[in-house]
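Working notes for the structure below.
Now the structure itself:
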């Protein structure tokens, strides 16, 4: 038998590609070497959000207590929480398995590898199975990367996979890498009372975001008494007598219960037989054309192609590839704006262009903004720090960035506005609910715009 | 001097009309008899949301405690909270006053009344001032209404104004009227530990919503051990020996610390000289034409015209009338979909058509839905009850209704979708952030649709 489609990897990209292709009537096999759901479900976004959700009362209480409105104490039992996380993941994987069975997708467990001749071999527990395909989707995702000397040892030096699998929360934590992954995890540890140190080689936290967002985040972390060490290079981390010892290039040392190394993620493309199949790799990333094709009949989606490391981008690529393989489209892939979100408190959202990049390519740009302090919902949660900033290009919304309480809720409307290139007239036609945090976006849109030099 | 525009009432409608008209270069006076901001700011949405926000940790803790993930106690000090609410309201009014001054609007304090001849008289502390106008906007809002025998006495029988001004939270509360106002306030009292009874003459709570939403809400309230008494008529309520005593038509009696009467709101249009000026009233509501005009040069917006009792609808009408008076439009008023939101936990949102009404007018309708239990953000907050329901008409999104944790965040995207009449292709083009509660809407949109009989 020859499958219409074989998919390697069952993260958000691979799973969605398989399910959607089957929905188009194709015969599909899905190959997974570990757990259904990939990094996002098992070792990434989902467990982190379960941690953040479970501890949100701590943050809400803290804010109201600062205003002397509330008092009390919230204790989260980390062991019970971890049990609940596992239960949720197991339940979700079970639901996914049932879904695959229901729609007739063959789930093949084991390590999938391109074997030439439109074949994939799947090794599992000593046996090898061969799957013939007409089309292949490589959706093998990504894994944490490290600089020399920062390799995790699974004892006191952890990567994000290990961090999420911990049995107790450390009382002190050093996070190397001030990106979204490190910052969300640090925030959870902070809620559990850990002393936090964040180190980055760049001159700001969240270095991919608008510099004003980095500044606002840093001021929050300072209020939380985090030790933020920027423009610092780490030469090594290791476990010494049950403690993590970190050494800077300068020779200076820091000690903590645990070190989380979160300096980035790289594609999982080694040993898959990709190059032998005519697929080009660059820094391990699968090079694809405008149809997300890496070679004839071989597509690559999600973190493995390195276009953008976000689950929802992978799902969107999956939707396209499934339609393409099913003969429903031969147009090139169009992504549209891909939003990104930092969860927790404060939250950060961004979609489209940023102020610090927009002016490089476009002289006709303006910004407008609102402060969260003027918003009654931010006031209600005693979390009034933050702002919403809109980037305009040619009198159309080209980007939105926000930081503060609950700003993740601005993401979907802002994504639609950027995608459609809203004018102020489009804004005016739409009735935003009152009161709502959404009105912080509305006010930013309505406010006087400023040209930036 | 003759004003281009005189506005009576400074709630969301009146204030916005004044500010926007001034923005168009008009000379404007704003008349307010009590407090800037009207009901919404001073005695309505805003204080209620400040109460809900301040007590949200109680609800978050409760949910996690049920899963044994968290333990502890959160106590909100009602006196401090009330102080903070007043501080917020004072600050907001002050900012509004400064804004009016800055843009050159004359704020005239006192009771404004039409006096014929394009004049408004404003009475304040025994003196009368006359304002000449070219155009008038009546934005006098609404106030609680009562059935005979249910009039509040300010002692143990309260309307929503009095309830929001309380100095202590009652330990038991009867709410007469299961609409959004009563339910939000009952929820706050519940968080403070009050024993709650809700009475309505209809056969369901939130009777304006989709019947499935009413059912879901009722099951939540039952879990909270609220006493829900439906299809019950109340003949009277009064204070007896420092307790509220309520009598049903059946003669049966109920007793509580306080009774909140929240059976509806009616327009504030008495004694304004409206009929003398040729303005038609029906049930006290100012009758307007398609331009929101009640008589030549006299406009009515917001709760006073009775079209829809929501602050954001008033603001949207204000925007139109300001543009019209400034000569920027002579097209009739178009509202677009007006969303409504119940805040708290669970939340309810609705925009566009509802399943129980859509089929009356349109045979070509379908529904699709998703359950919140499948959403990781709902799971993270241990609040998985609820659903999102999409109403389709002619393969376009015609309405969205949702109930559950944080569903208010679906409101703005859903409003845009209904307004634009999204097809499934529009949905597919848009990248929703993962993970997010927004994906509950996405899943409802993507799911198989069902025709309803």
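Chains as they are written, first to last, in our numbering: chain A, 39 to 491; chain B, 39 to 491. Just so it is clear, CB atoms sit at the ideal spot from N, CA and C, and this is done for glycine as well. These figures come from a predicted structure and were not determined experimentally.
Interface annotation, residue 351 (chain A): in contact with chain B, CB-CB separation under 9 Å. Within the model, the alpha-carbon separation for residue 326 (chain A) versus residue 257 (chain B) is close to 52 Å. According to DSSP, residue 403 (chain B) shares a beta bridge with B:431.
Residues are counted here when their Cβ sits less than 7 Å from a Cβ of chain B; for the region 111-142 of chain A these are 111, 112, 113, 114, 115, 118, 119, 122 and 126, given in chain order. DSSP places residue 481 (chain B) in the uninterrupted alpha helix (DSSP H) bounded by 476-484. Of all residues in the region 81-108 of chain A, only 83, 84, 87, 88, 90, 91, 92, 94, 95, 98, 99, 102, 105, 106, 107 and 108 come within less than 7 Å of chain B when Cβ atoms are compared, listed by chain position. Within 10 angstroms of the beta-carbon of residue 296 (chain B) lie 16 or more other beta-carbons, which makes it buried. Taking 9 Å as the CB threshold, residue 420 (chain B) lines the interface with chain A.
For residue 358 (chain A), the enclosing alpha helix (DSSP H) begins and ends at 349-363. Proximity of residue 487 (chain A) to chain B, defined by a Cβ-Cβ separation below 9 Å, is not satisfied.
Contacts between residue 376 (chain A) and chain B, judged by CB atoms closer than 8 Å, involve 469 in chain order.
DSSP places residue 410 (chain A) within a helical segment (H, G or I) once states are collapsed to three. The three-state secondary structure of residue 223 (chain B), taken from DSSP, is helix. Note that the C-beta distance between residue 427 (chain B) and residue 406 (chain B) is below 9 Å. Fully enclosed alpha helix (DSSP H) runs of no fewer than 4 residues occupy 94-104 of the region 85-122 of chain A, in order along the chain. By the neighbour-count criterion, in which 16 or more other beta carbons inside 10 Å mark a residue as buried, residue 112 (chain B) falls on the buried side.
With its beta carbon less than 9 Å from one in chain B, residue 451 (chain A) belongs to the interface.
Looking at A:47, A:478, A:465 and A:430, the one whose alpha-carbon comes closest to that of residue 441 (chain A) is A:478. Per the Cβ contact rule, the region 237-246 of chain A is in contact with the region 258-274 of chain A (3 or more Cβ pairs under 8 Å).
Beta-bridge analysis with DSSP links residue 338 (chain A) to A:176.
Under the 10 Å beta carbon count, residue 84 (chain A) is surrounded by 16 or more other beta carbons and is classified as buried. Residue pairing by DSSP places residue 190 (chain A) in no beta bridge whatsoever. Secondary structure of residue 333 (chain B) (DSSP, three-state): strand. Between residue 445 (chain A) and residue 395 (chain A), the C-beta spacing is not below 9 Å. The criterion of a C-beta distance shorter than 9 Å is satisfied by residue 212 (chain A) and residue 237 (chain A).
Residue 92 (chain A) is not a Cβ neighbour of residue 412 (chain B), given a cutoff of 9 Å. Excluding its 5 nearest sequence neighbours in each direction, residue 233 (chain B) has C-beta neighbours in its own chain below 6 Å: 210, listed in chain order. Around residue 417 (chain B), the beta-carbon contacts reaching into chain A at under 8 Å are 88, 91 and 126.
Collapsing the DSSP output to three states places residue 464 (chain B) in a helix. Setting aside the 5 residues that flank it on each side, residue 193 (chain B) is surrounded in the same chain by 277, each with a C-beta closer than 7 Å to its C-beta; the list follows chain order. Around residue 86 (chain A), the same chain offers 222 as residues with beta carbons nearer than 6 Å, after the five sequence neighbours per side are excluded.
According to the DSSP assignment, residue 303 (chain A) belongs to the beta strand (DSSP E) that extends over 303-305. Boundaries of the alpha helix (DSSP H) around residue 57 (chain A): 50-61.
Secondary-structure assignment with DSSP links residue 210 (chain B) through a beta bridge to B:233. Assigned with DSSP and collapsed to three states, residue 65 (chain A) falls in coil, not helix or strand. Within the model, the alpha-carbon separation for residue 274 (chain A) versus residue 134 (chain A) is close to 41 Å.
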